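S.K.:
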Amino acid sequence: MISGNCLCGEVVYQLNSDINTIVFCHCSRCRKQTGTAFNSSAIIKKKDFTFIKGETNVKIYAKDGVNRHFCSNCGSHIFSVRDNDRNTYRLRIGLINEPIMTENRIHIYTDSKANWDNICDGYTQYPDSINPSDLTSNNS
Ligand SMILES: [Zn+2]
Ligand SMILES: [Zn+2]
1 MISGNCLCGE VVYQLNSDIN TIVFCHCSRC RKQTGTAFNS SAIIKKKDFT FIKGETNVKI
61 YAKDGVNRHF CSNCGSHIFS VRDNDRNTYR LRIGLINEPI MTENRIHIYT DSKANWDNIC
121 DGYTQYPDSI NPSDLTSNNS
């Protein structure tokens, strides 16, 4: 079982699937949201995600069909979900407490990364988006 909590601890969740692939998104929206070079996420299914506590503290910033869920107390980003695919969550994996045992990692939107963001690993880079259905865990 995988668990995650926000910075202040008000929001706690459980994930009932494995994480198949880690996605590093370098797009400008993710930079603004995270305040740093890129966003680290995993594509998961809604049915595998359960709030243990704090769901009432979660606020949503909705824009352009993307709903970004965050803790209203401390600001930690929890996941995003798109209007056109309500059953897929992009889980912000920095909140996860356990080691994540996958070597599958990719970079996306590398064409729009910040000029000061240097990608120094050998994982595959995609210039823009990918199809999320390629990256969901097969175990869920
Ligand atoms: Zn919090
Ligand atoms: Zn992004």
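Numbering (the working numbering), first residue to last: 1 to 140.
Using N, Cα and C, we set each Cβ at its ideal position, and we do this for glycine too.
Given the structure is predicted, the values throughout are model-derived calculations rather than measurements.
Measuring from each Cβ to the nearest heavy atom of ligand 1, keep the ones under 6 Å and list them in chain order.
M.R.: Having a Cβ closer than 6 Å to some heavy atom of ligand 1 are C6, L7, C8, E10, V11, C71, N73, C74, S76.
S.K.: Using the rule of at least 16 other Cβ atoms within 10 Å of the residue's Cβ for burial, across every protein chain shown, is N104 buried or exposed?
M.R.: With fewer than 16 Cβ atoms within 10 Å of its Cβ, N104 is classed as exposed.
S.K.: Which two residues bound the contiguous beta strand (DSSP E) that contains S28?
M.R.: No beta strand (DSSP E) holds S28; the alpha helix (DSSP H) holding it covers 28-34.
S.K.: Exposed or buried, what is N115 when buried is set at 16 or more other beta-carbons lying within 10 Å of its beta-carbon?
M.R.: By the neighbour-count rule (16 or more Cβ atoms within 10 Å), N115 is not buried but exposed.
S.K.: In three-state DSSP terms, what is S3?
M.R.: Reduced to three states, the DSSP call for S3 is strand.
S.K.: Taking only heavy atoms of ligand 2 into account, decide whether any of them is closer than 8 Å to the Cβ of Y126.
M.R.: No, Cβ of Y126 sits at least 8 Å from all heavy atoms of ligand 2.
S.K.: Counting C-beta neighbours from all protein chains within 10 Å, is the total for S129 16 or more, i.e. buried, or is it exposed?
M.R.: So S129 counts as exposed.
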